[in-house]
Amino acid sequence: MRAFDLVRPLLFRIDAERAHALTIAGLTRLPERVPKVDPVLTTTVAGIAFPNPIGLAAGVDKNAQAAAGFLTLGFGFVEVGTLTPLAQDGNPRPRLFRLPADRAVINRMGFNNGGLDAGLARLAARRPKGIVGVNVGANKDATDRIADYATGVARASTVADYVTVNISSPNTPGLRGLQTGSELTALLAAVQAARGTVPIFLKVAPDLDGPQIDGIARAAIDSGIDALIVSNTTIARPPLRSRHASEAGGLSGVPLRGPALQCLRDFRSATGGAMPLIGAGGIGSAADAYARIRAGASLVQLYSALVYEGPGLARRMTRDLPALLTRDGFGSVTEAVGTG
Ligand SMILES: Cc1cc2nc3c(=O)[nH]c(=O)nc-3n(C[C@H](O)[C@H](O)[C@H](O)COP(=O)(O)O)c2cc1C
Numbered sequence: 000m001r002a003f004d005l006v007r008p009l010l011f012r013i014d015a016e017r018a019h020a021l022t023i024a025g026l027t028r029l030p031e032r033v034p035k036v037d038p039v040l041t042t043t044v045a046g047i048a049f050p051n052p053i054g055l056a057a058g059v060d061k062n063a064q065a066a067a068g069f070l071t072l073g074f075g076f077v078e079v080g081t082l083t084p085l086a087q088d089g090n091p092r093p094r095l096f097r098l099p100a101d102r103a104v105i106n107r108m109g110f111n112n113g114g115l116d117a118g119l120a121r122l123a124a125r126r127p128k129g130i131v132g133v134n135v136g137a138n139k140d141a142t143d144r145i146a147d148y149a150t151g152v153a154r155a156s157t158v159a160d161y162v163t164v165n166i167s168s169p170n171t172p173g174l175r176g177l178q179t180g181s182e183l184t185a186l187l188a189a190v191q192a193a194r195g196t197v198p199i200f201l202k203v204a205p206d207l208d209g210p211q212i213d214g215i216a217r218a219a220i221d222s223g224i225d226a227l228i229v230s231n232t233t234i235a236r237p238p239l240r241s242r243h244a245s246e247a248g249g250l251s252g253v254p255l256r257g258p259a260l261q262c263l264r265d266f267r268s269a270t271g272g273a274m275p276l277i278g279a280g281g282i283g284s285a286a287d288a289y290a291r292i293r294a295g296a297s298l299v300q301l302y303s304a305l306v307y308e309g310p311g312l313a314r315r316m317t318r319d320l321p322a323l324l325t326r327d328g329f330g331s332v333t334e335a336v337g338t339g
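Pasting the structure below:
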């Protein structure tokens, strides 16, 4: 039995958002002390050398308070945010729900954050040595959402190792409309015009049909951005058993694993390997990460599994992943990417 198995029932008696705040507060105090991992996990994507391919997904450390702590827990990179140009409260509480019987989470946070400048200043003041990406979004009340993304990209590029343009949150009405047609082309042009020297990643939803996936793949490649993150939470509701199953918002965790894997496969076919992909959605073990890499992901990210598996998860995954690679004769993560 792991120590977290004893702590979890206590943590689960506390409101989910409060438990999250306690976790961040605790990790803020953890200094950066990067654990050694097998060099077979070192991998270069979009010109960045990642010590291992297991990343912390956006939304955990929205205000860039604890990046160093998460790197100490063994993550190969941490994506802070989503940060919007202006601070905003997000949706009324409760807005974060655990679904234990499904090992899932539903959230409708709505980009609660302290604003781009505050987040970036905090990060700059205590910049970890490890890889930190900044995820940017648009304010709910923005009159020009694309301008918000341009602002985010320009400012975040000065501090981040990479910037993620998040157009796939289901909790800001209309935001996901930026994923298609002329809105997407205009967004990508504005982002390219605003970018600094660091790579730009685009984060998409799992709820896309074939023509939408083809459209995003083509627009992303044509624009010259650097990678796609597949995917955000889903608005779909597969059969669920937990009490909070019908809450509104985005669903993540184990029920998203199959759909997100399929979506990744579809993006791999649509891009033909011409653009790096980052897999997210329901990843909670080295085997999950490995399956995502074989399906086309150069890196992976996770959030919900931390709720159920605890803070030792990244270290366990980086400990177990090398054996899966070498079992199948791969000398590196890159060699395994997209091998089916
Ligand atoms: C409570 C919560 C808040 C999130 N907030 C953000 C966010 O601010 N920006 C973002 O790009 N993704 C956000 N996400 C999505 C995650 O980054 C991730 O893409 C998704 O949860 C799927 O991964 P998982 O199944 O490992 O959780 C959030 C997810 C959760 C559960």
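Be aware that the sequence shown starts at 0, since it is given in numbering that gives the first Met the number 0, and climbs by one per residue. Here a beta-carbon is modelled for each residue, glycine too, at the ideal position from N, C-alpha and C. All of these numbers come straight from a predicted model, not from anything done at the bench.
**Study point:** Own chain partners of Q64 with C-beta closer than 7 Å, once the 5 adjacent residues on each side are dropped
**Key:** Counting from 1 along the sequence shown, the entry for residue 64 is found at position 65. Contacts found: I23, T27 and R121.
Exercise for review: Leaving aside the five residues before and after R47 along the sequence, list all residues of the same chain whose C-beta is less than 7 Å from its C-beta, in chain order.
Suggested key: Along the sequence shown, one-based indexing puts residue 47 at 48. It should be noted that the sequence gives Ile, not Arg, for residue 47. I130, D160, Y161 and P198.
Practice item. With a 10 Å radius around its C-beta and 16 neighbouring C-beta atoms as the bar for buried, classify R326 as buried or exposed. Key: Here residue 326 refers to the residue found at position 327 of the sequence shown. When all chains shown are included, R326 counts as exposed.
Review point. Which residues bound the beta strand (DSSP E) around I344?
Key: Here the chain has residues from 0 to 339 only, and residue 344 is not among them.
**Study point:** Residues near G89 by beta carbon distance below 7 Å, same chain, minus five either side
**Key:** Counted from its first residue, the sequence shown places residue 89 at position 90. Counting only Cβ-Cβ distances below 7 Å, and skipping sequence neighbours, we find M108, G109, F110 and N111.
Review point. Which parts of the region 107-176 are runs of the alpha helix (DSSP H), unbroken and 4 residues or longer, counting only runs that do not cross its ends?
Key: 115-124 and 144-155
Point to revise | Three-way DSSP call (helix, strand, coil) for L239 in this model | key: Counting from 1 along the sequence shown, the entry for residue 239 is found at position 240. In this structure, L239 counts as coil in the three-state DSSP scheme.
Review point. Would a C-beta distance cut-off of 8 Å place V79 and V36 closer than the cut-off?
Key: As a first step, residue 79 must be located in the sequence shown, where it is residue number 80. As a first step, residue 36 must be located in the sequence shown, where it is residue number 37. For V79 and V36, no; Cβs fall outside 8 Å.
**Study point:** Inter-residue CB distance, L177 and R144 (contact presumed, cutoff 8 Å)
**Key:** Numbered from its first residue, the sequence shown carries residue 177 at position 178. Numbered from its first residue, the sequence shown carries residue 144 at position 145. Right, their Cβ atoms sit about 7 Å apart.
Point to revise | Neighbour-count burial assignment, M316, 16 or more Cβ in a 10 Å radius | key: Counting from 1 along the sequence shown, the entry for residue 316 is found at position 317. Label assigned to M316: buried.
Exercise for review: Give the DSSP bridge partners of S251, in chain order.
Suggested key: Position 252 of the sequence shown, counted from the first residue, corresponds to residue 251. BP columns for S251 point to V104.
Check your understanding: Using 8 Å as the threshold, is the region 298-307 in touch with the region 271-279, meaning 3 or more CB pairs across them?
Key -> yes
Check your understanding: Should T163 go down as buried or exposed, given a rule of 16 or more other Cβ atoms within 10 Å for buried?
Key -> Locating residue 163 in the sequence shown gives position 164, where the first residue counts as 1. Flag for T163 reads buried.
Exercise for review: Answer with yes or no whether the minimum CB distance from G75 to chain D is below 8 Å.
Suggested key: Checking the listed chains, one finds no chain D in this structure; it contains a single protein chain.
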